[in-house]
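One structure below.
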Amino acid sequence: MLERFHPLHSDLPNPAKFTNPFNYEPHPLCLAAAAEVQGRIAADDKLRADADRGKMFGVLVAETADGRRGYLAAYSGLLAGRNDHEYFVPPVFDAMRPDGYFKTREAEITVLNRRIDDLRHSPGYAAAKAELAGMAGKHRDLLDEYRRQMAAAKLRRDARRGMQLSVTAEEEADMIRESQHMKAEYRRLKRRCADEEAAVRNKTEAIECELSELKKRRRQMSDDLQGWLFSQYSMLDALGRRRDLCSIFADTPGRVPPSGAGDCCAPKLLQHAYLYGLRPVCMAEFWWGASPEGEVRHHLHYYPACRGKCLPILTHMLQGLDVDEGQRGADVGEPLEIVYEDDWLAVVCKPAGMASVPGKECGTSVLEEMRLRRPDKPEVMLAHRLDMDTSGLIIVAYDMETYKSLQAQFMRREVGKQYTALLAGVPCQPESGRISLPLSPDPLDRPYQKVDRADGKEAVTDYRIVGRQGARAIVELFPITGRTHQLRVHCAHADGLGTPIVGDRLYGRGGGRLCLHAEAVEFRHPATGRQMRFERKAPSPAFPKEGSLT
353 MLERFHPLHS DLPNPAKFTN PFNYEPHPLC LAAAAEVQGR IAADDKLRAD
403 ADRGKMFGVL VAETADGRRG YLAAYSGLLA GRNDHEYFVP PVFDAMRPDG
453 YFKTREAEIT VLNRRIDDLR HSPGYAAAKA ELAGMAGKHR DLLDEYRRQM
503 AAAKLRRDAR RGMQLSVTAE EEADMIRESQ HMKAEYRRLK RRCADEEAAV
553 RNKTEAIECE LSELKKRRRQ MSDDLQGWLF SQYSMLDALG RRRDLCSIFA
603 DTPGRVPPSG AGDCCAPKLL QHAYLYGLRP VCMAEFWWGA SPEGEVRHHL
653 HYYPACRGKC LPILTHMLQG LDVDEGQRGA DVGEPLEIVY EDDWLAVVCK
703 PAGMASVPGK ECGTSVLEEM RLRRPDKPEV MLAHRLDMDT SGLIIVAYDM
753 ETYKSLQAQF MRREVGKQYT ALLAGVPCQP ESGRISLPLS PDPLDRPYQK
803 VDRADGKEAV TDYRIVGRQG ARAIVELFPI TGRTHQLRVH CAHADGLGTP
853 IVGDRLYGRG GGRLCLHAEA VEFRHPATGR QMRFERKAPS PAFPKEGSLT
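First residue of the sequence shown? That's 353 in the numbering used here, and the numbers climb one at a time after it.
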């Protein structure tokens with residue numbers, strides 16, 4: 353399989369440490385290897401046709417024991433329906449062999465699926481369900497009508513009792529007998545309806561019972577086959593130790609591997625390198641083709657490995673390698689600025705690189721710094737937050753009453769917010785408008801957000817293109833809602849502005865700081881009732897000149 357180890361002719365030195373696959377800038381050696389892979393895809397009509405629909409590719413630069421340097425290439429999942437293209441590394445486990453256990457068992461499940469579909473759509477089952485539904489409707493009408501008759505008879509009895517000063521014992525007995533008779537007759541009518549429906553329901557229940565048993569059997573077969581499949585993925589680390597996917601994911605919140613685990617680029621590349629004694633040097637993954645529905649992927653942009661599927665796997669596989677800590681966020685080169693302050697609240701300007709609230713490995717935060725500055729205020733709270741990479745204005749509350757009032761204004765969308773962003777290109781959109789794309793977290797790749805028109809939460813942004821900087825556009829953004837990463841996704845997604853924010857490492861190319869600044873905020877002061885507006889223009893480093901970003 354070393355024929356899939358392609359020579360890489362370059363005088364560039366190796367990086368000091370191996371790539372952190374979740375936080376990196378592609379090394380020049382990876383860029384050179386990726387360029388060769390991209391040329392290969394472009395030259396193969398069949399590969400390109402499938403890749404153009406959207407596919408993640410990866411390269412791993414490695415060295416042989418005698419010091420020869422080259423690269424491996426991989427793609428996630430299948431490409432043109434295959435996992436055995438000769439130029440690319442093979443899968444960790446080949447489940448696609450026609451005569452293999454997986455395909456054989458899969459064929460048995462397919463037969464079961466057909467049986468379930470045949471039963472579900474059989475003429476006899478459909479006719480019995482239609483007959484039962486029609487009969488149940490008629491019986492409901494019949495019982496409703498008899499209940500109306502009972503109610504009318506009761507009204508007549510009550511009126512008769514009310515019209516006379518006294519009712520004879522014989523008359524009262526007659527009325528009681530009438531009431532008892534009607535109630536008994538209603539019970540008999542209800543029982544007859546149930547008996548008639550039971551006769552027809554027996555026809556459907558026999559089929560439904562068989563369907564239930566078949567579905568239960570299918571679920572068990574699918575679970576068993578999936579478990580067997582995951583057990584075949586025996587993942588190596590750099591020290592030669594093996595763990596299967598079931599073991600790797602046993603300690604994760606979901607406890608079982610997600611579908612497709614082990615078939616992404618990075619695990620395939622590392623597995624092949626370890627199997628054939630190659631020393632990994634650096635690695636990168638790039639997207640080719642159209643963006644998936646709902647996600648933000650740009651042609652030929654580089655992306656980190658997905659966290660939901662790959663984080664547990666790569667945590668094991670990278671053991672024994674000296675891994676880089678990854679590209680850190682922008683350094684906090686500026687202090688936290690107090691723009692306004694009184695006894696109830698403060699408005700501060702957060703520099704890029706400072707977190708809003710405490711978190712892992714994020715240094716100091718706005719909340720911590722404000723609590724240190726105001727030890728006399730025991731209830732310092734942030735009324736809202738900004739991403740760590742975003743600079744700009746944040747409102748800080750000094751007591752619970754002020755905090756709740758500000759939160760209520762945010763909930764009622766009474767707080768005006770204005771951001772300025774530098775986009776990596778010029779959008780092919782009107783100079784101003786509104787973007788409405790619902791968002792939800794990507795459960796397999798947090799913290800990414802995706803456009804989810806079925807289950808996403810409403811996310812609305814007004815925008816205005818206000819200038820250009822070379823081939824880039826400067827836009828003002830006015831979020832109506834406040835979803836996570838809303839502005840970043842609305843700028844980058846094809847159904848938004850279609851152009852990511854400069855420096856956006858999640859939805860764009862990364863490199864340098866994120867050029868997004870919360871420039872203005874307007875709200876009603878909870879204590880005084882005054883309408884207040886504060887502005888801080890983006891600092892000049894936020895909008896670097898074109899060409900200064902890596």
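Even for Gly, the Cβ is constructed at its ideal location relative to N, Cα and C.
Every value quoted in this text rests on a predicted model; they were computed, and no experiment measured them.
Cutoff 8 Å; reference Thr949; Cβ partners in own chain excluding five residues on either side: The chain is shown from 353 up to 902; residue 949 falls before or after that span and cannot be answered.
Can you tell me which of the three DSSP states Ile832 falls into? coil
Own chain residues within Cβ distance below 8 Å of Glu753, not counting five before or after: Pro878
Residues in the same chain with beta-carbon distance under 7 Å from Arg805, minus the five sequence neighbours each way, listed in chain order, please. Pro790
Verify whether the separation of the beta carbon atoms of Val748 and Val732 is less than 8 Å. yes
Along the chain, which unbroken stretches of the beta strand (DSSP E) at least 3 residues long are found entirely within the segment 419-478? 421-427
Inside the segment 645-714 only - beta strand (DSSP E) runs reaching at least 3 residues: 689-693, 697-702
Start-to-end residues for the beta strand (DSSP E) that takes in Ala870: 868-876
Drop a sphere of 10 angstroms on the beta-carbon of Glu871, count the other beta-carbons inside from all chains shown, and report buried for 16 or more, exposed for fewer. buried
What whole-angstrom Cβ distance do Leu849 and Asp856 have, given they're in contact under 8 Å? That pair is no contact at about 12 Å.
Can you tell me whether His938 is buried or exposed, with buried defined as 16 or more other CB within 10 angstroms of its CB? Absent from the model: residue 938. The displayed extent of the chain is 353 to 902, so no value can be given.
Cβ distance (whole Å) where Val633 is taken to contact Val389 below 8 Å: About 16 Å separates the two Cβ atoms, so there is no contact after all.
Identity of the residues DSSP links to Trp640 by a beta bridge: Lys407
Is it true that the CB of Lys620 sits closer than 8 Å to the CB of Arg444? Before going on, a small fix: residue 444 reads as Val here, not Arg. Cβ atoms of Val444 and Lys620: closer than 8 Å.
List the endpoints of the continuous alpha helix (DSSP H) containing Phe582. 521-584
Of the residues Leu670, Ala590, Leu666, Met722, which one's Cα is nearest the Cα of Glu693? Met722
Around the Cβ of Tyr453, are there at least 16 other Cβ atoms within 10 angstroms (buried) or fewer (exposed)? exposed
Here's the rule I'm using: 16 or more other beta-carbon atoms within 10 Å means buried, otherwise exposed. How should Val552 be labelled? buried
Using the DSSP secondary-structure output, state which residues sit across from Met587 in a beta bridge. Arg595
What does DSSP give as the partner residue(s) for Asp814 in the beta ladder? Arg786, Phe830
By the three-class DSSP mapping on this structure, what secondary structure does Arg885 have? strand
Compare the C-alpha of Thr556 against each of Arg882, Ala482, Tyr423, Glu458 and name the closest. Ala482
Spatial neighbours of Gly681 within its chain, please: C-beta separation below 7 Å, excluding the five flanking residues on both sides. Note on Gly681: pLDDT 48, under 50, position unreliable in the model; no value is reported.
Beta bridge counterpart(s) of Gly819 as assigned by DSSP: Ile826
Local Cβ density within 10 Å of Val699, reported as buried at 16 or more and exposed below that: buried
If we call anything under 8 Å between Cβ atoms a contact, is Glu637 one with Tyr626? no
Coarse secondary structure for Met635, derived from DSSP in three states: strand
Burial state of Ala894, where buried means 16 or more other Cβ atoms lie within 10 Å: Unreliable positioning characterises Ala894 in this predicted model, as indicated by a pLDDT of 45, which lies under 50. The coordinate reading is nonetheless provided below. Buried, since its Cβ has 16 or more Cβ neighbours within 10 Å.
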